[in-house]
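Okay, structure first, notes after.
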Amino acid sequence: MSNRSPAARALPEQASPAERLARLIAANGPVSVAQYMAEANAHYYATRDPFGRGGDFVTAPEISQMFGELVGLWLADLWVRSGRPRDAHYVELGPGRGTLAADALRAMKKAGLAPTVELVETSPVLREAQRARVPQARWHDSLDGLPAEGPLLVVANEFFDALPIRQLVKTEHGWHERMVALIEGRFAPAAGPLLGDSFIPAPLRAAPAGAILEASPASCAIAQELGARIAAQGGAALIVDYGHVRSSVGETLQAVRAHDHADPWDEPGERDLTAHVDFEAFAAAAAQPGVRIHGPAEQGEWLRAMGIDMRAAALARAAPHRAEEIEQARSRLTDPEEMGRLFKVLAMVGSGWPAPAALP
Ligand code: SAH
Numbered sequence: 468m469s470n471r472s473p474a475a476r477a478l479p480e481q482a483s484p485a486e487r488l489a490r491l492i493a494a495n496g497p498v499s500v501a502q503y504m505a506e507a508n509a510h511y512y513a514t515r516d517p518f519g520r521g522g523d524f525v526t527a528p529e530i531s532q533m534f535g536e537l538v539g540l541w542l543a544d545l546w547v548r549s550g551r552p553r554d555a556h557y558v559e560l561g562p563g564r565g566t567l568a569a570d571a572l573r574a575m576k577k578a579g580l581a582p583t584v585e586l587v588e589t590s591p592v593l594r595e596a597q598r599a600r601v602p603q604a605r606w607h608d609s610l611d612g613l614p615a616e617g618p619l620l621v622v623a624n625e626f627f628d629a630l631p632i633r634q635l636v637k638t639e640h641g642w643h644e645r646m647v648a649l650i651e652g653r654f655a656p657a658a659g660p661l662l663g664d665s666f667i668p669a670p671l672r673a674a675p676a677g678a679i680l681e682a683s684p685a686s687c688a689i690a691q692e693l694g695a696r697i698a699a700q701g702g703a704a705l706i707v708d709y710g711h712v713r714s715s716v717g718e719t720l721q722a723v724r725a726h727d728h729a730d731p732w733d734e735p736g737e738r739d740l741t742a743h744v745d746f747e748a749f750a751a752a753a754a755q756p757g758v759r760i761h762g763p764a765e766q767g768e769w770l771r772a773m774g775i776d777m778r779a780a781a782l783a784r785a786a787p788h789r790a791e792e793i794e795q796a797r798s799r800l801t802d803p804e805e806m807g808r809l810f811k812v813l814a815m816v817g818s819g820w821p822a823p824a825a826l827p
């Protein structure tokens, strides 16, 4: 069964992430926030299905089928207007339960689009959930194994917020890497090594002591790779996540458990750790010759421009006993006070492809 290396045996896999991180810190000193977040989330997603009422949080595709259907329509519309290339691949990053993929593929099929299905997912528990809804899929641990030919139709909803971030903290001495230490048996953030100012975007260097700056090298690396793939193979990517349009200082790392905020430094691996996506940094990493960036737009605006009001009305006509539930879902997805404003939609489109619907 096992082919673990001696190093892995010294820190057994069955140890909890809290135990592993504590041993690592005792042996080598504090770990980076990125390493803490990576260890915690790998365990979190590998060991549970966190979605829905009995879980920790709810995502847009789990709120209503309308979300996945409109994502599918957006992709199908681009595909039709680009001349219906035959060898297209639907690619989803972090597909959760597979609900979005199932809804999007159903909508695409109505437009005559039946792509291969390529899911990038590391969690064995969630792969099983996805298999139940999209049995025809192929699974990948990373982008590396995706088909190298044929346009990619890529979707990522609430994927990038789960990827590890670095935090930098300003003190009166300058900017430091923010680390996670063990203080009296508890994990706690602490200023680490001093960094040169060159790490910090020029407009943010003068922030006051105490300021925190976040960056996600993992997200930027994937943005760059997606951009390169789309430039080479054609296609488009739709990225939906909560985040900000401009890079700025401020801490957004948060933990959620049972639909409530929790302490991110407590029980790593037992709660969902996320951070806002910096769409400015993301777009800069994705931008390259052969790919255009559209947006970000607010999720509410995008869904309205895609016709969510009409879709909700049609669903309610077909199932009058569900009209109230459908209206609640529509408003939860689009209302600026709910998911409509905080969530943003960004697209990358291959340069030979037409302008996408509903995104400037
Ligand atoms: N898109 C889904 C789920 C969002 S939760 C929805 O909207 O409901 C984050 C998803 O990303 C989960 O499926 C999780 O297992 C996956 N994930 C997290 N980190 C990952 C990584 N490094 N590589 C691949 N998948 C990852």
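Using our numbering, the first residue of the sequence shown is number 468, and each one after it goes up by one.
We put the CB at the ideal spot given by N, CA and C, even for glycine.
query                                                                                                                                                         : result
Considering only DSSP beta bridges, list what ALA729 is partnered with.                                                                                       : ALA722
Can you pull the DSSP bridge partners for THR638?                                                                                                             : GLY641
Taking only runs of the beta strand (DSSP E) that begin and end inside the segment 565-650, which ones reach a length of at least 3 residues, in chain order? : 583-587, 605-607, 619-624, 633-638 and 641-650
So which of LYS577, ASP523, GLN634 and ARG551 has the shortest CA-CA distance to GLY428?                                                                      : In this structure the chain extends from 468 to 827, so residue 428 is not present and cannot be described.
When burial is assigned at 16 or more other CB atoms within 10 Å of the CB, is LEU813 buried or exposed?                                                      : buried
According to the neighbour-count rule (16 or more other Cβ atoms, all chains shown, within 10 Å of its Cβ), is GLN481 buried or exposed?                      : exposed
Can GLU625 and TYR709 be called in contact, C-beta distance under 9 Å?                                                                                        : yes
Give the DSSP-derived three-state secondary structure of SER472 in the structure shown.                                                                       : Only weak support exists for where SER472 lies, its pLDDT of 43 falling under 50; the coordinates are left without a value.
Only counting runs of 3 or more residues, tell me where the beta strand (DSSP E) segments fall wholly within the segment 742-779, in order along the chain.   : 758-765
Look at the Cβ atom of VAL647, then the Cβ atom of GLN532, and state whether they are nearer than 9 Å.                                                        : no
Assuming VAL558 and LEU620 are in contact, meaning their beta carbons sit under 8 Å apart, how far apart are those beta carbons, in whole angstroms?          : 7 Å
Just tell me which of PRO602, ALA790 and GLY807 has its CA closest to the CA of ARG771.                                                                       : GLY807
Who are the Cβ neighbours of LEU610 in its own chain at under 6 Å, not counting the five residues just before and after it?                                   : GLU692
Around the Cβ of SER665, are there at least 16 other Cβ atoms within 10 angstroms (buried) or fewer (exposed)?                                                : exposed
Counting along the chain, where does the alpha helix (DSSP H) carrying GLY535 start and finish?                                                               : 532-548
Mind pulling the alpha helix (DSSP H) runs of 4 or more residues that sit fully within the segment 480-539?                                                   : 484-495, 500-513 and 527-530
Going by the CB atoms, is the gap between GLN603 and GLY565 shorter than 9 Å?                                                                                 : no
Would you say TYR512 touches the ligand SAH, meaning its beta carbon is less than 8 Å from a heavy atom?                                                      : yes
DSSP state of GLN819, grouped into three classes?                                                                                                             : The amino acid at residue 819 is misidentified as Gln; the sequence shows Gly. The answer is coil: DSSP assigns GLY819 none of H, G, I, E or B.
Taking the alpha-carbon of ALA493 as reference, which of ILE650, SER798 and PRO731 has the nearest alpha-carbon?                                              : ILE650
Determine the contact status of HIS607 and GLU639, defining contact as a CB-CB distance below 9 Å.                                                            : no
If the criterion is Cβ atoms closer than 9 Å, does the pair GLY617 and ASP554 meet it?                                                                        : yes
What is the DSSP secondary structure of ASP708, reduced to helix, strand or coil?                                                                             : strand
In terms of residue numbering, what span does the beta strand (DSSP E) encompassing ARG799 cover?                                                             : Run containing ARG799: none in the beta strand (DSSP E); it sits in the alpha helix (DSSP H), 790-801.
On the criterion of 16 or more Cβ atoms from any shown chain inside 10 Å, does ARG476 qualify as buried, or is it exposed?                                    : A caution first: ARG476 carries a pLDDT of 47, below 50, which makes its placement in the model too unreliable to give a value.
Looking at C-beta atoms only, is the number of pairs between the segment 760-779 and the segment 719-729 that lie closer than 8 Å three or more?              : no
Name the one or two DSSP bridge partners that LEU679 has.                                                                                                     : Position check: residue 679 holds Ile in this sequence, whereas Leu was assumed. Per DSSP, VAL636.
Which residues in the same chain have their Cβ closer than 7 Å to the Cβ of GLY519, if we skip the five residues on either side of it in sequence?            : VAL525 and GLU529
When you compare the CB positions of ALA685 and GLN755, do they come within less than 9 Å of one another, or not?                                             : no
Does DSSP put LEU693 in a helix, in a strand, or in coil?                                                                                                     : helix
Can we count LEU630 as close to the ligand SAH, meaning its CB is less than 8 Å from some heavy atom?                                                         : yes
Can you check DSSP and say which residues form a bridge with ASP739?                                                                                          : VAL723
Helix or strand or just coil, what does DSSP make of ARG784?                                                                                                  : helix
Measure the beta-carbon distance from VAL587 to LEU567 and round it to whole angstroms, keeping in mind my assumption that it falls under 8 Å.                : Going by Cβ atoms, the distance from VAL587 to LEU567 rounds to 13 Å, so no, they are not a contact pair.
Between ARG600 and the ligand SAH, is the CB less than 8 Å from at least one heavy atom?                                                                      : no
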